[in-house]
Amino acid sequence: MNISANGYLSGSNLERVLRAGHFAATGELGPPQSADGSTIREKAQLLKGACDAANITDNQTAIVRMSSVSAGAIALQEGLEPVIQVTCRDRNRLAIQSDILGAYAQGIRNILALSGDHQTFGNHPMAKNVHDIDSIQLVQMIAEMRDKKIFQCGDPFKGQEPCMFVGAAAAPFAHPIDFRPYRLGKKVNAGANFIQTQLIYDIEAFKKYMEKVRALGLHEKTYILAGVGPLKSPAMARYMRESVPGMLIPDEIMNRMTAAGAPWSGKGELTKEDKKARSGAWRETGIKICVELIQQLREIEGVSGVHIMAIEWEEAVRPIAEGAGLLPRPVVEPAAA
Amino acid sequence: MIVAETKPLDEIKALLSDAEKVLVVGCGTCVTVCFAGGSREVAIMGSLLRMAGRMDGHERQVEEVTVQRQCEWEYLDAIAEQVGAVDVVLSLGCGIGVQALAEHFPNAWVVPGLNTKFMGLPLEQGVWAERCAGCGDCLLGLTGGVCPIARCSKQLLNGPCGGSIDGHCEINPEVSCAWQLIYDRLTEKGKLEVLMEIQPPRDWRTARHGGPRTIVREDLRLPEDHQAGQSMKQEA
Numbered sequence: 014m015n016i017s018a019n020g021y022l023s024g025s026n027l028e029r030v031l032r033a034g035h036f037a038a039t040g041e042l043g044p045p046q047s048a049d050g051s052t053i054r055e056k057a058q059l060l061k062g063a064c065d066a067a068n069i070t071d072n073q074t075a076i077v078r079m080s081s082v083s084a085g086a087i088a089l090q091e092g093l094e095p096v097i098q099v100t101c102r103d104r105n106r107l108a109i110q111s112d113i114l115g116a117y118a119q120g121i122r123n124i125l126a127l128s129g130d131h132q133t134f135g136n137h138p139m140a141k142n143v144h145d146i147d148s149i150q151l152v153q154m155i156a157e158m159r160d161k162k163i164f165q166c167g168d169p170f171k172g173q174e175p176c177m178f179v180g181a182a183a184a185p186f187a188h189p190i191d192f193r194p195y196r197l198g199k200k201v202n203a204g205a206n207f208i209q210t211q212l213i214y215d216i217e218a219f220k221k222y223m224e225k226v227r228a229l230g231l232h233e234k235t236y237i238l239a240g241v242g243p244l245k246s247p248a249m250a251r252y253m254r255e256s257v258p259g260m261l262i263p264d265e266i267m268n269r270m271t272a273a274g275a276p277w278s279g280k281g282e283l284t285k286e287d288k289k290a291r292s293g294a295w296r297e298t299g300i301k302i303c304v305e306l307i308q309q310l311r312e313i314e315g316v317s318g319v320h321i322m323a324i325e326w327e328e329a330v331r332p333i334a335e336g337a338g339l340l341p342r343p344v345v346e347p348a349a350a
Numbered sequence: 239m240i241v242a243e244t245k246p247l248d249e250i251k252a253l254l255s256d257a258e259k260v261l262v263v264g265c266g267t268c269v270t271v272c273f274a275g276g277s278r279e280v281a282i283m284g285s286l287l288r289m290a291g292r293m294d295g296h297e298r299q300v301e302e303v304t305v306q307r308q309c310e311w312e313y314l315d316a317i318a319e320q321v322g323a324v325d326v327v328l329s330l331g332c333g334i335g336v337q338a339l340a341e342h343f344p345n346a347w348v349v350p351g352l353n354t355k356f357m358g359l360p361l362e363q364g365v366w367a368e369r370c371a372g373c374g375d376c377l378l379g380l381t382g383g384v385c386p387i388a389r390c391s392k393q394l395l396n397g398p399c400g401g402s403i404d405g406h407c408e409i410n411p412e413v414s415c416a417w418q419l420i421y422d423r424l425t426e427k428g429k430l431e432v433l434m435e436i437q438p439p440r441d442w443r444t445a446r447h448g449g450p451r452t453i454v455r456e457d458l459r460l461p462e463d464h465q466a467g468q469s470m471k472q473e474a
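This is the structure:
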């Protein structure tokens, strides 16, 4: 690996926090379905200081949004460190590499490499997908751009190489479940410096996964950030449990969400105020569950941090981080490594 | 085999426009086997067009013929006269058949009656599934005989992605997860170590991305003077 003079691969805040041994916290910022940069600035202010870096999604769920590189550059101006998500769905290896060069030039230092949600789920299901390379090949490409100073074709850089802190995703409970720790191993071998997992609600199942991950020694080669997210309602929890692949939500959590809305059940037609109060109660419970999950995940050996995904609910990140005792976020000076 | 489906009748009628004389040309190979363009389907299409013509007040003379293989010149020579006698040729061959007719009979106007779908096989009576994407660099030897290029929705080489659920792909419960199939097959054969290796990015030039493909087999080519005698085109 290309360790720079100060000992870092990229020198990003996320890398510094992890290298210093702090329990890291990342957030998520969804760019708008518009050309309006002010929404990024507003969301950035909500996340700034509540996490070490925030993922900027790349046309998430295959719905067209502002590009992650552009939105990331705006986040950076606001003082929020971005983790640029890059998928293989929309761009081939030429386009991805040129975006990485541009991202680095803008000051972006973290990337999360993904294969990308299939376009049939989004608002352009008629589109052609690319998938020139897959997520593991993408991890390797970005790592080699940094470490070997070469483009994917093997040509050397003629100047500054992009030094990115490279991340990858893991879906611990997707099928075939026995293969998942090994696929994580492939990502680590490809060069993934950090991992963000799919949302974890089932701590016991995740402990078993982490046992296998530790047996493979992967937690010593990469930083694993467990994915967490606050539930907004019992309906959201049901939908995720039933329809999202690899999503395990234990009955206990389902029941707690339902119980949170109990005072309003059997009341007949709910007024607008009732509905608002019920939604507030659900969300409060969702945040509480999320805080407890973080506390439990923190106890698992090999978990280096959490990735807090509050989808279209960026306001929730700060109270979650606060509740879990993660604030204030540590400051690690670049020279400290 | 190549699997195709009949186009909607309205689309075919629009393609025929105001033609008075139409020749429906079937093919005795792949599209016969997949019940899209054999002699039986040619007869049905002929009847449909005659009936539609009467109903629309635009009666057409519709002739029918099925050749053994629409994609080879020698089988097309036999229908030169029929092709020459009509305004429009409606091919019930695959896309190759349509183009072979158009190339062989430059004076004819050839339109497609089928949508060519994929290279695949019949899973059961009435059900066909894609199996080969013709990528030009077969990797089935690595993947236990299951193709991730043709059968994984993301063409992953280091799958499975997180969208694999109960053996199917998240895009559709009717679609098997190719990587679950590969995983099962390699597990069964004790060859899982193959999946631990990182498959590098592919050279897609062998596939369609390198431009239209041609194969030249010098060992099979005829001497040049002989080739000149085998004219590709024929005046219809």
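Keeping their order, the protein sequence lines are chains A and B.
Numbered by the numbering used here, the letters in the first sequence go through residues 14 to 350 in order.
Numbered by the numbering used here, the letters in the second sequence go through residues 239 to 474 in order.
Ideal placement from N, C-alpha and C gives every residue a C-beta, glycine not left out.
- The region 418-437 of chain B makes no contact with the region 154-174 of chain A, as fewer than three CB pairs between them are under 8 Å.
- Close to THR52 (chain A), with beta-carbon spacing below 7 Å, lies no residue of chain B; the smallest spacing is near 28 Å.
- Contact annotation: VAL349 (chain B) and LEU330 (chain B) have beta-carbon atoms that are not nearer than 8 Å.
- Interface flag for LYS245 (chain A) against chain B is unset, since no Cβ pair is found closer than 8 Å.
- Taking 8 Å as the cut-off between beta carbons, the residues of the region 134-162 of chain A near chain B are PHE134, ASN142, HIS144, ASP145, ILE146, ASP147, SER148, ILE149, GLN150, GLN153, MET154, in sequence order.
- Shown here for LEU60 (chain A): same chain residues with a beta carbon closer than 7 Å to its own, the five before and five after excluded, namely GLY40, LEU42, ALA67, LEU93, GLU327, VAL330 in chain order.
- In this structure, the straight-line span from the alpha carbon of LEU244 (chain A) to that of LYS301 (chain A) is close to 10 Å.
- Distance from the CA of THR133 (chain A) to the CA of GLY400 (chain B), rounded to the nearest whole angstrom, comes to 16 Å.
- Annotation: Cβ neighbours of SER391 (chain B) in chain A (cutoff 7 Å, chain order): HIS131.
- Using a Cβ-Cβ distance cut-off of 8 Å, the region 273-286 of chain A and the region 305-316 of chain A are not in contact, since fewer than three pairs of beta carbons, one from each stretch, lie closer than that value.
- Within the region 440-455 of chain B, contact with chain A at the beta-carbon level (separation under 9 Å) is assigned to ARG440, TRP442, HIS447.
- Buried is the label assigned to ARG29 (chain A), since at least 16 other Cβ atoms lie within 10 Å of its Cβ.
- Of A:ILE53, A:GLY198, A:THR298, the smallest CA-CA separation from ILE237 (chain A) is found for A:GLY198.
- In the three-state DSSP reduction, ARG369 (chain B) falls in the strand class (E or B).
- Of the residues A:VAL99, A:PRO332, A:GLN119, A:HIS188, the one whose Cα lies closest to the Cα of SER148 (chain A) is A:VAL99.
- In the DSSP assignment, GLY284 (chain B) falls within the alpha helix (DSSP H) that extends over 277-294.
- Chain A has a Cβ within less than 8 Å of the Cβ of GLU408 (chain B).
- Here the region 438-457 of chain B makes contact with the region 140-154 of chain A; the two share three or more CB pairs at distances below 8 Å.
- Apart from sequence neighbours up to five positions away, the residues of its chain that approach ALA371 (chain B) with a beta-carbon distance below 6 Å are ILE387, ALA388, ordered along the chain.
- Three or more pairs of CB atoms, one per stretch, sit closer than 8 Å, so the region 99-108 of chain A contacts the region 129-145 of chain A.
- In this structure, GLY383 (chain B) keeps its C-beta atom at 8 Å or more from the C-beta atom of GLU368 (chain B).
- Going by beta carbons, ALA126 (chain A) and ILE163 (chain A) fall outside the 8 Å limit.
- Distances from the CA of LYS288 (chain A) to each of A:TRP277, A:GLU297, A:VAL304 were compared; the closest alpha carbon is that of A:TRP277.
- LYS245 (chain B) is positioned such that its CB atom lies closer than 8 Å to that of ASN353 (chain B).
- The C-beta separation of HIS131 (chain A) from ILE409 (chain B) comes to about 5 Å, placing the pair in contact by the 8 Å criterion.
- About 14 Å separates the beta carbons of ALA205 (chain A) and ARG193 (chain A), which is beyond the 8 Å limit, so they are not a contact pair.
- Below the 8 Å Cβ cutoff, chain A contributes no neighbours of SER414 (chain B), its closest Cβ being approximately 12 Å away.
- GLY318 (chain A) is bridged by DSSP to A:ALA37, A:LEU238.
- Assignment of CYS407 (chain B) by DSSP, reduced to helix, strand and coil, places it in the strand class.
- Among the bridge pairs identified by DSSP, GLY264 (chain B) is matched with B:THR304.
- Shown here for VAL324 (chain B): same chain residues with a beta carbon closer than 7 Å to its own, the five before and five after excluded, namely LYS259, VAL260, LEU261, GLU301 in chain order.
- For SER111 (chain A), DSSP records no beta bridge to any residue.
- Contiguous alpha helix (DSSP H) elements confined to the region 36-121 of chain A occur at 51-60, 81-90, 106-118, taking only those with 4 or more residues.
- Excluding sequence positions up to five before and after LYS225 (chain A), its CB lies within less than 7 Å of the CB of PRO194, all in the same chain and listed in chain order.
- Contact between HIS35 (chain A) and GLN209 (chain A) fails: their C-beta atoms lie close to 16 Å from each other, not under 8 Å.
- Within the region 188-264 of chain A, the complete alpha helix (DSSP H) segments of 4 residues or longer fall at 193-203, 216-228, 247-256, listed in chain order.
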